[in-house]
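Visitor:
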Amino acid sequence: MKKIFVYDLDGTLLQHNNLINETTLAAIKKAHSLDHVNIIATGRGLKTTKVISDMYPYFDYLVSNNGTIIYDIAKQKSYLNGFIDSKTLQLLFDIALEYNCLSAISTPDDAFLFSPQKEYDWLSSQAQMDLKAYNLISYAQMKNLIDNNTSISQFAFRNSEATTKVIYNKLAVELKDKYKVTITNRIFVDINPLDVDKFNGIQFILNSNNWSFDNVVAFGDSSNDFLMIKNAKIGFAMKHATPDLVQVATKVIGDCNSDAIGQEILKLI
């Protein structure tokens, strides 16, 4: 029976060096060769997600920006599920300046990084993740991006864990019933259109192919993986996953630097 394997990226499929474990990669490649389906479901934007799928050509679909953009690799076709309005973008820009955040801004075709200062004490203790995949922009360029209301599909703040919680608590109130606000990997606050979720993006792919969630095997580590882990036939939480994910997971496995994902894939194919 065809399995649909769904992988979060940061903190899950990717090691801290931004590469896939060799054993896990071999398992993904084998699953692909046996006609199983491999899907990346991430908070990263489409451009920065394609960096991974181009490096490892064994994936079939990309669910990026937490489900805001879905990409069919074979057809090279994108499906978009909303953008952030100009008033909200200005609010987010102001918060980026107030809290000195690294800010990742995604559009369907590009990815930008705004940094109000050159160095951050908290950054050295965090995994690299996808920082090098963005186009670094200045204050003026960032302001121009906001003022011209380019089609921005996600705005994400990166900061220390403590400041991330402060920003989340602030925006969860200010954007309630307007946008979805989520903490990911404990160091990001992602802002997406209200009804967007990785789960919905996966459901779109399943419906388009007449597939069932009964065949889905999902791997994740953060709150933005909650619904896909909860609704998968088998949902794996990584060793350092957030408590909400651990509660709904079928099983907790090793961390992102281990071969745990690969070992589980091999048991199922």
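In this note's numbering, the protein residues as written are 3 to 271.
A virtual CB, placed ideally from N, CA and C, is assigned to each residue, including glycine.
Report all residues from its chain with a CB closer than 6 angstroms to the CB of G203; omit the five preceding and five following residues, and keep chain order.
Guide: V65, G69 and I72, listed in sequence order.
Visitor: Taking all protein chains shown into account, decide if A33 is buried (16 or more other Cβ within 10 angstroms of its Cβ) or exposed.
Guide: A33 is buried by the Cβ-count criterion.
Visitor: Any contact between the stretch 155–163 and the stretch 36–49? By contact I mean 3 or more CB pairs, one from each, below 8 angstroms.
Guide: With a cut-off of 8 angstroms, the stretch 36–49 and the stretch 155–163 count as touching, because enough Cβ pairs lie within range.
Visitor: Helix or strand or just coil, what does DSSP make of V219?
Guide: Looking at V219 - three-state DSSP - the assignment turns out to be strand.
Visitor: Quick check for students: name the residue ranges of the beta strand (DSSP E) that lie wholly in the stretch 175–206, counting only runs of 3 or more.
Guide: Those beta strand (DSSP E) runs which fall completely within the stretch 175–206 and span 3+ residues are 181–186 and 190–195.
Visitor: Run the CB neighbour count on A106, radius 10 Å, all protein chains shown included, and call it buried at 16 or more, exposed below.
Guide: A106 should be labelled buried.
Visitor: When the Cα atoms are used, what is the spatial distance from L2 to S117?
Guide: In the structure displayed, the chain extends from 3 to 271; residue 2 sits before or after that span and is not available.
Visitor: Does the contact criterion of 3 or more C-beta pairs under 8 angstroms hold for the stretch 214–221 versus the stretch 234–253?
Guide: Yes: the two stretches touch, three or more of their Cβ pairs being nearer than 8 angstroms.
Visitor: When the Cα of P110 is compared with those of N83, L104 and L99, which residue comes out closest?
Guide: The candidate whose alpha carbon is nearest that of P110 is N83.
Visitor: Would you kindly work out how many angstroms separate the C-alpha atoms of S214 and L208, rounded to a whole number?
Guide: S214 and L208: Cα-Cα distance of roughly 6 angstroms.
Visitor: Report the residue ranges of all beta strand (DSSP E) runs contained in full by the stretch 16–47; include only those spanning at least 3 residues, in chain order.
Guide: Taking only runs of at least 3 residues, the beta strand (DSSP E) segments lying wholly in the stretch 16–47 are 39–43.
Visitor: So L270 and K5 are in contact, right, with Cβ under 8 angstroms, and what is the actual spacing, rounded?
Guide: Their Cβ separation, rounded to whole angstroms, is 6 angstroms, which keeps L270 and K5 in contact under 8 angstroms.
Visitor: Would a C-beta distance cut-off of 8 angstroms place F85 and P195 closer than the cut-off?
Guide: Going by C-beta atoms, F85 is nearer than 8 angstroms to P195.
Visitor: Taking Q265 as part of the alpha helix (DSSP H), name the residues at either end of that continuous run.
Guide: From DSSP, the alpha helix (DSSP H) with Q265 extends over A262 to L270.
Visitor: Note down, one range per segment and in chain order, each beta strand (DSSP E) of at least 3 residues found wholly within the stretch 234–259.
Guide: DSSP runs (the beta strand (DSSP E)) wholly in the stretch 234–259: 236–239.
Visitor: If we require 3 or more residues per run, which beta strand (DSSP E) segments fall completely within the stretch 102–164?
Guide: Whole beta strand (DSSP E) segments, 3+ residues: 104–108, 113–116, 137–139 and 156–160.
Visitor: Per DSSP, V168 forms a beta bridge with which residues?
Guide: Looking at the DSSP assignment, V168 forms no beta bridge with any residue, so it has no partner.
Visitor: Can you say whether F102 is buried or exposed, counting buried as having 16 or more other CB atoms within 10 angstroms of its CB?
Guide: For clarity, residue 102 is Asn in the given sequence; the question names Phe instead. Burial call: exposed.
Visitor: Using the Cα positions of Y81 and Y181, report the straight-line distance between them to the nearest angstrom.
Guide: One C-alpha to the other measures close to 19 angstroms.
Visitor: Can you tell me which of the three DSSP states K232 falls into?
Guide: The answer is helix: DSSP assigns K232 an H, G or I state.
Visitor: Name the one or two DSSP bridge partners that I72 has.
Guide: Paired residue(s): V65 and Y81.
Visitor: Looking at the structure shown, is D272 part of a helix, part of a strand, or coil, going by DSSP?
Guide: The first residue shown for the chain is 3 and the last is 271, placing residue 272 beyond what the model contains.
Visitor: Where does I6 fall in DSSP's three states?
Guide: Strand, per DSSP.
Visitor: Measure the Cβ-Cβ separation of S108 and N137 and say whether it is below 8 angstroms.
Guide: The answer is no: Cβ separation not under 8 angstroms.
Visitor: For F61 and I267, which I take to be in contact (beta-carbon distance under 8 angstroms), what is that distance rounded to the nearest angstrom?
Guide: That pair is no contact at about 13 angstroms.
Visitor: Taking C-alpha atoms, which residue in T51, L15 and D246 lies nearest to N226?
Guide: Considering only alpha carbons, the answer is D246.
Visitor: Determine the closest residue to D37 out of K79, M3 and M144, with distance taken between C-alpha atoms.
Guide: If we check each option's Cα against that of D37, M3 comes out closest.
Visitor: I think I189 touches T166, with their Cβ atoms under 8 angstroms apart; what is that distance to the nearest whole Å?
Guide: Indeed they touch by this definition, with Cβ atoms about 6 angstroms apart.
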